[in-house]
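Trainee:
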Amino acid sequence: CGGQDGVRRVLDILKRELVYDMACCGLTSIDQINKDILYKH
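Residue numbers for the sequence shown, in the numbering used here: 38 to 78.
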């Protein structure tokens with residue numbers, strides 16, 4: 038399954054997705070994420 042390198046790749050993907058989604062919402066810091074930004078899908 039990739040071991041440590043596989044885990045690193047997964048975490049890198051999640052980080053890129055979080056940074057992208059934050060940018061789409063106009064956010065520059067995790068501290069800016071609050072319940073007003075989040076919604077149930």
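Ideal Cβ positions, reconstructed from N, Cα and C, are used throughout, including at glycine.
Can you tell me whether DSSP reads lysine 52 as helix, strand or coil?
Mentor: It is helical.
Trainee: In whole angstroms, give me the CA-to-CA distance for isoleucine 74 and serine 66.
Mentor: Whole-angstrom Cα-Cα distance: 13 Å.
Trainee: DSSP three-state call for tyrosine 76: helix, strand or coil?
Mentor: Three-state result, tyrosine 76: coil.
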